[in-house]
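Peer 1:
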Ligand code: PGA
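In this note's numbering, the protein residues as written are -2 to 253.
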């Protein structure tokens, strides 16, 4: 696991964008796993600015709310098109986002897993982290081997996401999310976290035990995981100086 601490959200997002760009440059038909929420907004803005070639790229989003149509203002379909896909040359058929209106959710989830497998898996999975340590919508106690499935959101997550819906009462109770096993099958993971409200979840994920109580802690167990933080999100790490020292002393070619 590599911890990269940057002074500001913008600097952290730019590093994250360069990590994504590097994957697309090395493999024009790369398969990316993508995240939603406030955290990746600057990352996506920077990716748009970099004007990369996305025409052979395939994407799989982590999650979607059950019951929301793709054109619902708070749906992750809308989020992805408005914040990234409408501004790049991605081919629509290569975009995959869980269908919140799927009639048979278990069958849909199996098809999602099959689709990821059919393109030989995800090259780079972009992640945020919830204040409770969730990745995707894998809330605490999610099985570390779980696959794409329906999950029930915690009260904490519904409160955290009420801002996208206008009120907590309007936040759906259920979501379809890639599982932790689906996420950790990716060849590499890039977790971006910004702001003090993520500091405790990050400290537990990076420096605590691997535990289903903090699903992001599973990143300790995968071969390539980069954790990109602003100072605020790094605020509770006890070994922050060590991570900075390691990053500052890497060979330049290894820094992405
Ligand atoms: P946020 O959500 O980026 O809106 O804070 C992150 C997450 O819940 O994974």
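Glycine included, each C-beta is placed from N, C-alpha and C at the ideal position.
Can you look up residue 187 in the DSSP assignment and give me helix, strand or coil?
Peer 2: Three-state result, residue 187: strand.
Peer 1: Fully enclosed by the region 177 to 235, which alpha helix (DSSP H) runs are 4 residues long or longer?
Peer 2: Those alpha helix (DSSP H) runs which fall completely within the region 177 to 235 and span 4+ residues are 177 to 181 and 196 to 204.
Peer 1: Quick one: residues in its chain with C-beta nearer than 6 Å to the C-beta of residue 115, no 5 flanking neighbours on either side, listed in chain order?
Peer 2: Hits under 6 Å: none found.
Peer 1: Expressed to the nearest angstrom, what Euclidean distance is found between the alpha-carbon atoms of residue 204 and residue 197?
Peer 2: Their Cα atoms are separated by approximately 10 Å.
Peer 1: Going by the beta-carbon positions, is the gap between residue 118 and residue 182 smaller than 8 Å?
Peer 2: Yes.
Peer 1: Taking 7 Å as the line, does the beta carbon of residue 126 fall inside it for any heavy atom of the ligand PGA?
Peer 2: Yes, since a heavy atom of the ligand PGA falls inside the 7 Å radius drawn around the Cβ of residue 126.
Peer 1: Can you name the start and end residues of the alpha helix (DSSP H) that residue 145 belongs to?
Peer 2: Here residue 145 belongs to no alpha helix (DSSP H), and DSSP marks it neither H nor E.
Peer 1: Helix, strand or coil for residue 93, going by three-state DSSP, please let me know.
Peer 2: In this structure, residue 93 counts as strand in the three-state DSSP scheme.
Peer 1: Rank 233, 64, 97 and 225 by C-alpha distance to the C-alpha of residue 252 and give the top, closest one.
Peer 2: It is 225 whose Cα lies nearest to the Cα of residue 252.
Peer 1: For the beta strand (DSSP E) that contains residue 162, what are its first and last residues?
Peer 2: Run containing residue 162: none; DSSP gives neither H nor E here.
Peer 1: List the whole-angstrom C-beta distance separating residue 16 from residue 237, where the pair is believed to meet the contact cut-off of C-beta under 8 Å.
Peer 2: That pair is no contact at about 20 Å.
Peer 1: Would you mind sorting residue 172 into buried or exposed? The rule is 16 or more other CB atoms within 10 Å of its CB.
Peer 2: Classification for residue 172: buried.
Peer 1: Where does residue 54 fall in DSSP's three states?
Peer 2: Residue state, collapsed to three classes: coil.
Peer 1: Beta carbon of residue 209, beta carbon of residue 233: below 8 Å?
Peer 2: Not a contact, by the Cβ cut-off of 8 Å.
Peer 1: Within the same chain, show all residues whose beta-carbon is closer than 6 Å to that of residue 55, passing over the 5 residues directly before and after it, in chain order.
Peer 2: Result list for residue 55: 28, 91 and 116, in chain order.
Peer 1: Identify the residues that DSSP records as bridge partners of residue 62: which are they?
Peer 2: Residue 62 pairs with 172.
Peer 1: DSSP beta-bridge partners for residue 113?
Peer 2: Paired residues: none, contrary to the question.
Peer 1: Under the rule that 16 or more other beta-carbon atoms within 10 Å means buried, what is residue 221, buried or exposed?
Peer 2: That one is exposed.
Peer 1: What's the gap between the Cα of residue 241 and the Cα of residue 177?
Peer 2: Approximately 28 Å, taken between the alpha carbons.
Peer 1: Starting from the C-beta of residue 7, find all residues in its chain whose C-beta is less than 7 Å away, skip the five residues before and the five after it, and write them out in chain order.
Peer 2: Same-chain partners within the cutoff: 39.
Peer 1: Give me the Cα-Cα distance between residue 85 and residue 22, rounded to the nearest whole angstrom.
Peer 2: Rounded to the nearest angstrom, the two C-alpha atoms are 15 Å apart.
Peer 1: Could you please give the first and the last residue of the uninterrupted alpha helix (DSSP H) stretch that includes residue 122?
Peer 2: Element bounds for residue 122: not the alpha helix (DSSP H) but the beta strand (DSSP E), 121 to 124.
Peer 1: Near residue 99, which residues of its chain fall below 6 Å by C-beta distance, leaving aside the five closest residues on each side in sequence?
Peer 2: Once the five neighbours on either side are set aside, the close Cβ partners of residue 99 are 105.
Peer 1: Whole angstroms is fine: what's the gap from residue 193's alpha carbon to residue 227's?
Peer 2: Whole-angstrom Cα-Cα distance: 9 Å.
Peer 1: Report all residues from its chain with a CB closer than 6 Å to the CB of residue 229; omit the five preceding and five following residues, and keep chain order.
Peer 2: Answer for residue 229: 192 and 193, listed in chain order.
Peer 1: Less than 7 Å separating the Cβ of residue 68 from some heavy atom of the ligand PGA?
Peer 2: Incorrect: residue 68 has no Cβ contact closer than 7 Å to the ligand PGA.
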